[in-house]
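Position 42, counted from 1, in the sequence shown is what the numbering used here calls 34; the numbers after and before it change by one each time, with no gaps.
Here's the structure, in structure tokens; my notes come after.
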Amino acid sequence: MIRAELRIDLAAIVANYRTLAARAVAAQCAAMLKADAYGLGMAAVAPVLAGAGCKVFFVATPEEGRALRTVLREAEIYVMTGYQVELREVYRAYRLRPVLNTLAEIEAWRDGPAAVYVDTGMNRLGLEAAEIEALLSDRGKIRFEVAILMSHLACADEPDHPMNKRQLARFREITDRLKSLPAFKTAALSLANSAGIFLGPDYHFDLVRPGIALYGGNPFADRLNPMANVVEVHGRILQIRAVAAGECVGYGATFTATRPSRIAIVDVGYADGYLRAFSNKGRALIAGQRVPVAGRISMDFLALDVTDIAPGQAEVGTAVNLLGGGLSLDEAAAASGLSCYELLTLLGRRYNRVYLNG
Ligand SMILES: *Cc1c(COP(=O)(O)O)cnc(C)c1O
-7 MIRAELRIDL
3 AAIVANYRTL
13 AARAVAAQCA
23 AMLKADAYGL
33 GMAAVAPVLA
43 GAGCKVFFVA
53 TPEEGRALRT
63 VLREAEIYVM
73 TGYQVELREV
83 YRAYRLRPVL
93 NTLAEIEAWR
103 DGPAAVYVDT
113 GMNRLGLEAA
123 EIEALLSDRG
133 KIRFEVAILM
143 SHLACADEPD
153 HPMNKRQLAR
163 FREITDRLKS
173 LPAFKTAALS
183 LANSAGIFLG
193 PDYHFDLVRP
203 GIALYGGNPF
213 ADRLNPMANV
223 VEVHGRILQI
233 RAVAAGECVG
243 YGATFTATRP
253 SRIAIVDVGY
263 ADGYLRAFSN
273 KGRALIAGQR
283 VPVAGRISMD
293 FLALDVTDIA
303 PGQAEVGTAV
313 NLLGGGLSLD
323 EAAAASGLSC
333 YELLTLLGRR
343 YNRVYLNG
């Protein structure tokens, strides 16, 4: 290894897609590719998912949709940030379908099938109750076929949270009523993200929309992760230094050696998504042993206290595992206070990216 490496196991993504599709066997399984496939690289990830049978994809922005269209000629691509008339040509040229979030967007759209997003209690995007009533009372407004009628769960990663049942009931009530409108007759109903899939068949409807679980993230807040690990980050030791008791390490001098120590400087920093939240808190794996981060993470480097590792096993050039492999996303999330969503989307472009099993 010549420098820090981000390894992305494409076969593990396929395995996770199959696991999720099997869990929601009565529904179609779409895939979330927003934020460049949660930071893992849409151009590499999308064809692999398409090869596994995925036909429906969601992205956040028209730009992401355009990039995805150049990779997948046939797929249905939905853009979640809605529609403005200024974007008409982009939507047309790249055959993108908007997820329409407001009545104004519904009225503006006339270029083919689209998704309609209704709010069921999360109060992020989606039609409000009054807008749904307006749709129901004025039957002429919709000039397109609603291909997907969707909402989103706020607390699905906590299976016992009362919000889940409340949102499910609200979704049923809204969809039953909207289905009376001709434009909604054949709409596929969709409620579940990754965690929603594990809430059981009541939540699956016609289409499920996993993201994080495809990429190895834990769909549960406090249960063991059932997904295959996808991402590994390995740094390289650039220098080993002897630090005497009483000396300090790094910016701000936030680590002081309490014994004669060996400190390894590694070529990963916050510019690689290993944020300062890991300062004095992160753990790395060297030869199967956990070692602590010493001091503050800097932009390009971090320091590890390798005093307890046999000198032959931590030398200049040794690879250290910072994420994935033996160090789960959950463990890194707990150490840093970041979510596994943040850990993945922060990874950035600087690593030597290696796609495995493509
Ligand atoms: C991000 C997102 C998903 C996927 O959520 P995960 O928790 O990553 O599975 C599904 N639906 C919507 C609307 C989203 O924004």
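Glycine is no exception: its CB is placed at the ideal position from the N, C-alpha and C atoms.
What you are looking at is a predicted structure, and each value in this text was computed from that prediction instead of being measured.
Inclusion of Leu216 and Pro151 in the CB contact set at 7 angstroms is not warranted, their separation being larger than that value. In the three-state reduction of the DSSP assignment, Arg201 falls in the coil class, being assigned neither a helical nor a strand state. Closest option to Ser186, judged by alpha-carbon separation, among Glu66, Pro193, Ile204, Val108: Ile204. Per DSSP, the continuous alpha helix (DSSP H) segment holding Phe163 begins and ends at 154 to 170.
In this structure, DSSP gives Cys240 an extended state, which the three-state scheme calls strand. Remark: the C-beta of Arg10 is outside contact range of ligand 1, defined as less than 6 angstroms to any heavy atom. The beta carbon of Glu99 sits closer than 8 angstroms to the beta carbons of Lys133 from its chain, once the five residues preceding and following it are set aside; these are given in chain order. A distance of 7 angstroms or more separates the beta carbons of Leu183 and Phe212.
Within the chosen limit of 6 angstroms, ligand 1 does not reach the beta carbon of Arg162 with any heavy atom. The continuous stretches of beta strand (DSSP E) do not include Gly188, which lies in the alpha helix (DSSP H) extending over residues 186 to 189.
Per DSSP, reduced to three states, the secondary structure at Leu335 is helical.
Only residues of its own chain outside the window of five on either side were considered, and among them Val51, Ala52 have a CB closer than 6 angstroms to the CB of Lys26, listed in chain order. According to the DSSP assignment, Arg15 belongs to the alpha helix (DSSP H) that extends over 2 to 15. Here DSSP, grouped into helix, strand and coil, assigns Arg282 to strand. Inclusion of Met24 in the 6 angstroms shell around ligand 1 follows from its C-beta lying nearer than that to a non-hydrogen atom of the ligand. By DSSP's assignment, Arg345 forms a beta bridge with Leu(-2). Bounds of any alpha helix (DSSP H) do not take in Glu78, whose DSSP letter is neither H nor E. Per DSSP, the beta bridge partners of Ser253 are Val235.
Setting aside the 5 residues that flank it on each side, Gly280 is surrounded in the same chain by Gly318, each with a C-beta closer than 8 angstroms to its C-beta; the list follows chain order. Taking C-beta atoms as the reference points, Ala324 and Leu338 fail to come closer than 7 angstroms. Inclusion of Leu127 and Asn93 in the CB contact set at 7 angstroms is not warranted, their separation being larger than that value. Take Ala121, set aside five residues on each side of it, and no residue of its chain has a beta-carbon closer than 7 angstroms to its own.
Distances between the C-beta of Asn185 and the heavy atoms of ligand 1 include at least one below 6 angstroms.
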